[in-house]
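Novice: Residue numbers (our numbering): -6 to 324.
Before I ask anything, here is the structure I am working with.
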């Protein structure tokens, strides 16, 4: 009897430690993806001995972390491993969203849209459907279909508000602010972005607050409202310090350089602006930078996204059985 109790205690302790490791990895994934990968790699020797749902959760989480580190091959490898587990009857939503995210971060927007729109084949719970609608809205926004983006974002916002998802509400306020900016509705855009910043402040979501703050500065730069820029930049610059992700620091430096640059842009300033924009990889920041540089006469605008390439793109055979043929879908 003592041996059985001891075995049960050891099993419980191992399960608790594994759960703690996953929770720690999930908390780090957004801003400290290298930590997530280290925790994932520590699980690898025993991962195949764990339940299928647990393997899937680690594989999908690590794929997102690899993606943030621009290690797309490893991200896609882990998603293929997760796809092979779908025969065990697991939920498909997280894998579907991760597949979209990996493509989105590579600026393969038609490929990302294929995975996101696959949600139409499933009867998802309202909060999961809200996450999918938000993702579909991002694709529509970044490809210039602002009416459809607004529809997706507003659908998602209604569900996020109803089901009390404050982080998703703040993200959607941020996204709606960007849509309004692209439609040259500057004051409503700033209002939405300030609401997003307030929400992230309440949630203590530092990274998301930094992103929303940079989006607000982007709107002000596009207006060339330099007194407003100086007013906002004083507080925002203090939050995006040397501890902030390097890409956010680069983007802030680009905004500050645009503030100082005379118009028309001189050749030396042109080179500096292009050098500051070059390290950007987050799709939203890449697109914002392209638009601001074009407006300043220092760039050619947004680069078109590549079309689907079935021979080279990420393919997930089990999920594709549910999603339908891997072909371009109108959005």
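Note that the Cβ used here is the ideal one computed from N, Cα and C, for glycine as well.
Predicted, not measured: the structure shown is a model, and the values here were computed from it.
#1: Assign residue 296 to one of two classes, buried (16 or more other C-beta atoms within 10 Å of its C-beta) or exposed (fewer than that).
#2: Give the secondary structure of residue 285 by DSSP, where H, G and I count as helix, E and B as strand, and everything else as coil.
#3: Leaving out the 5 sequence neighbours to the left and right, which residues in its chain are closer than 8 Å to residue 214 when beta-carbon positions are compared?
#4: Which word fits residue 16, buried or exposed, when buried means at least 16 other C-beta atoms lie within 10 angstroms of its C-beta?
#5: Between the alpha carbons of residue 181 and residue 306, how many angstroms are there, rounded?
#6: Pick out the complete alpha helix (DSSP H) segments inside the region 84 to 141, 4 residues or longer, and give them in chain order.
#7: Going along the chain, which residues of its own chain have a beta-carbon closer than 6 Å to the beta-carbon of residue 174, five neighbours each way excluded?
#8: What is the rounded straight-line gap between the Cα of residue 257 and the Cα of residue 289?
#9: Considering residue 75, what are the terminal residues of the alpha helix (DSSP H) in which it resides?
#10: Smallest Cα separation from residue 196: which of 179, 163, 146 and 185?
#11: With DSSP as the reference, label residue 230 as helix, strand or coil.
#12: Thinking C-beta only, is residue 119 closer than 9 Å to residue 156?
#13: Under DSSP, the alpha helix (DSSP H) around residue 163 begins and ends at which residues?
#14: Going by Cα to Cα distance, which pick from 300, 314 and 198 is closest to residue 76?
#15: I need the boundaries of the alpha helix (DSSP H) containing residue 199, first residue and last residue.
#16: What is the rounded straight-line gap between the Cα of residue 36 and the Cα of residue 27?
#17: Check residue 254 in the structure and name its three-state DSSP category.
#18: Can you list, in chain order, the residues of its chain with a C-beta nearer than 6 Å to that of residue 310? Leave out the 5 residues immediately preceding and following it.
#19: Anyone know if the C-beta pair for residue 68 and residue 55 falls short of 9 Å?
#20: Between residue 260 and residue 291, what straight-line distance do the alpha-carbon atoms span, to the nearest angstrom?
#21: Leaving out five residues on either side along the sequence, give the residues of the same chain with a beta carbon under 7 Å from the beta carbon of residue 269.
#22: Please classify residue 264: is it buried, with 16 or more other beta-carbons within 10 angstroms of its beta-carbon, or exposed?
#23: Which class does residue 7 belong to by DSSP, given the choice of helix, strand or coil?
#24: Distance, Cα to Cα, residue 130 vs residue 141?
#25: Leaving aside the five residues before and after residue 49 along the sequence, list all residues of the same chain whose C-beta is less than 6 Å from its C-beta, in chain order.
Specialist: Judging by the given coordinates:
#1: So residue 296 ends up on the exposed side.
#2: Under the three-state reduction of DSSP, residue 285 is assigned to helix.
#3: Only residues of its own chain outside the window of five on either side were considered, and among them 222, 248, 251, 252 and 285 have a CB closer than 8 Å to the CB of residue 214, listed in chain order.
#4: Exposed: under 16 other Cβ atoms inside 10 Å.
#5: About 38 Å.
#6: Counting only runs of 4 or more, we get 86 to 98, 102 to 110 and 119 to 135.
#7: Taken in chain order, the residues that qualify are 182 and 212.
#8: Straight across, the Cα-Cα distance linking residue 257 with residue 289 is about 7 Å.
#9: Its alpha helix (DSSP H) spans residues 65 to 77.
#10: Per the C-alpha coordinates, the member of 179, 163, 146 and 185 positioned closest to residue 196 is 163.
#11: When DSSP states are grouped into helix, strand and coil, residue 230 belongs to the helix group.
#12: Residue 156 is a Cβ neighbour of residue 119, given a cutoff of 9 Å.
#13: Taken as a continuous stretch (DSSP letters only), the alpha helix (DSSP H) holding residue 163 covers 159 to 175.
#14: The candidate whose alpha carbon is nearest that of residue 76 is 314.
#15: Residue 199 -> alpha helix (DSSP H) spans 199 to 216.
#16: Rounded to the nearest whole angstrom, the C-alpha separation of residue 36 and residue 27 is 14 Å.
#17: Three-state result, residue 254: coil.
#18: None.
#19: Yes; because the gap between Cβ atoms is below 9 Å, this pair is in contact.
#20: In this structure, the CA atom of residue 260 is about 9 Å from the CA atom of residue 291.
#21: Taken in chain order, the residues that qualify are 243, 246, 247 and 250.
#22: It counts as exposed.
#23: For residue 7, the predicted structure reports a pLDDT of 49, less than 50, and the residue's modelled location is therefore unreliable. A value from the coordinates is still provided. Reduced to three states, the DSSP call for residue 7 is helix.
#24: Using only the alpha carbons, I get a separation of about 7 Å.
#25: Counting only Cβ-Cβ distances below 6 Å, and skipping sequence neighbours, we find 75, 78 and 83.
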